[in-house]
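The numbers in the UniProt record's numbering rise by one with no breaks, and the one at position 48 of the sequence shown is 48. The beta-carbon is built from N, C-alpha and C at its ideal position, and this holds for glycine as well. Nothing here was measured: the structure is a model prediction, and the numbers come from that model. These notes are about the structure you will find just below.
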Amino acid sequence: MSETAYMASIPYSRQCIEDDDVAAVAAALRGDWLTQGPTIGQFEQAVARWCGAAHATAVSNATAGLHIACMALGLERGKRLWTSPITFVASANCGRYCGASVDFVDIDPRTYCISMEALAAKLEQAEAMGKLPDVLVAVDFAGQPCDWKRLGELKQRYGFRLIHDAAHSFGAEYFGKRVGGLGIADCTVFSFHPVKILTTGEGGMVLTDDPALHEAFGLLRSHGITRQPEALQRQDEGGWYYEQQTLGFNYRMTDLAAALGISQLGKVERFIARRRELAARYDDLLADVLVERPFQSPNGKSAYHLYPVLLADSETRHRTFDALREQGIHVQVHYIPVHLQPDYMRSGFRRGDFPIAEAYYERTLSIPLFPTMTLAEQDVVVASLRRILQEQ
């Protein structure tokens, strides 16, 4: 099949919803619980067990998870959060929700995750100035884990709290362990948005081995309210009694979403295997195309949420983006560096602050990758990309 014969749209990503997923949600709809029911706890236990973590707290989305993670770790006005500039804005915004200041650390030019060299240098300088970060949000970009061994060493040396932003990397592995169960970060946050590795429609989850953090997450996701007898601060007044013990939020997942999540979790290994198969095939098919293919660190195995390629320069990327979109191939750019967003530039960030991240942004293009992608669709993407670059 030639690219000119292909008329259907190819998204950069797409959820994989099968008959058993529909049946699981239908069963939940016919049950007694639609919002806060037992399926949520079942989903939490299943994810914690699958990842190898002690505790899991389901939330309405990953942004909510990042927010309550920051709150539980004591981030507040006068404190500092650092993260990567190549991420979705939520990885930085979660600090601002708490009143903290936000700064960034440049990325590694091969993995596109946070640079260990840049981080170590910035921490050393910050220690000398008495301005160490209180929280670091480390982002597994495109599904590839960060250098978690080095992150753990720096965490121990400098004493910051560590949030693992694993919105892209459910099912990824680092030295043979699944993300979420590495035991290095204080907590790990997953996203279950439709374009992610598995979906609950919208949703997220926060994993931790710390029971005190787990308890705090549970309070913060549900208005700061508890009904647990052992947690009550006053005498129980009856079966109706509950207490708001802190200011929390309505960040809860529904039973409907959890039912879909349990069904999806049962086949997530198949989803990831297919993503890796397609990524390996892209590696082969693009070997003679003028793009830089994503690097796979030998320390882990990416979940391949994204397959970002680098083009020659910003002008080539722009023309290629437009040409592929015109053909119904919905490529995307991940991401505009957060520090270059107008809202962040108003606080003093400027072009040139994080040059590797900015150079990456100028050239990057995420090409389609999702579990239900056919080989014919992949061939169309590669053929179209090759032809467009040859014409340029």
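Exposure of residue i, with buried meaning 16 or more beta-carbon neighbours within 10 Å
i           : result
residue 38  : exposed
residue 347 : exposed
residue 327 : buried
residue 345 : exposed
residue 364 : buried
residue 217 : buried
residue 143 : buried
Whole-number beta carbon distance between residue j and residue i, since they are thought to touch under 8 Å
i           : j           : result
residue 243 : residue 235 : Not really, about 11 Å apart at Cβ, beyond 8 Å.
residue 145 : residue 195 : That pair is no contact at about 19 Å.
residue 311 : residue 317 : 5 Å
residue 186 : residue 161 : 5 Å
residue 302 : residue 172 : 6 Å
residue 377 : residue 10  : 5 Å
Nonlocal neighbours in the same chain, by C-beta distance under 6 Å from residue i, ignoring five residues either side
i           : result
residue 251 : 59, 60, 64 and 221
residue 89  : 338
residue 2   : Low per-residue confidence applies at residue 2: pLDDT is 43, beneath 50, and the placement is therefore not dependable enough to give any value.
Identity of the residues DSSP links to residue i by a beta bridge
i           : result
residue 345 : Note: residue 345 sits in no beta bridge, so no partner.
residue 205 : 58 and 190
residue 122 : According to DSSP, which records beta bridges pairwise, residue 122 is partnered with nothing at all.
residue 174 : 177 and 300
residue 164 : 138 and 188
residue 83  : 104 and 137
residue 308 : 366
residue 244 : 225
residue 250 : 222
residue 36  : According to DSSP, residue 36 bridges with nothing at all.
residue 358 : Bridge partners of residue 358: none, in fact.
residue 10  : 329
Among the options, nearest to residue i - alpha-carbon criterion
i           : options               : result
residue 72  : 269, 377, 214 and 367 : 214
residue 265 : 165, 199 and 203      : 199
residue 81  : 87, 104 and 62        : 104
residue 227 : 372, 237, 241 and 186 : 241
residue 94  : 66, 256, 340 and 330  : 66
residue 92  : 343, 83 and 34        : 83
residue 372 : 365, 275 and 384      : 275
residue 100 : 127, 75, 10 and 297   : 75
residue 14  : 359, 380 and 332      : 332
residue 454 : 116, 26 and 131       : Only positions 1 to 392 of the chain appear in the structure, and residue 454 is not among them; the question remains open.
residue 308 : 299, 106, 291 and 315 : 291
residue 190 : 53, 350 and 389       : 53
residue 50  : 341, 268, 329 and 368 : 268
residue 245 : 225, 259, 253 and 257 : 225
residue 343 : 387, 380, 293 and 102 : 102
residue 335 : 18, 31, 30 and 107    : 107
Check: residue i C-beta below 8 Å from any heavy atom of the ligand FMN
i           : result
residue 144 : Among the components of this structure there are no ligands whatsoever, and the ligand FMN is therefore not found.
Same chain, Cβ closer than 8 Å to residue i, neighbours up to 5 away in sequence not counted
i           : result
residue 262 : 24, 39, 42, 43 and 46
Any chain D beta carbon closer than 9 Å to residue i
i           : result
residue 290 : The question asks about chain D, but that chain is absent: this structure has only one protein chain.
Proximal residues to residue i (C-beta, below 7 Å), its chain only, five neighbours per side dropped
i           : result
residue 182 : 148 and 174
residue 319 : 392
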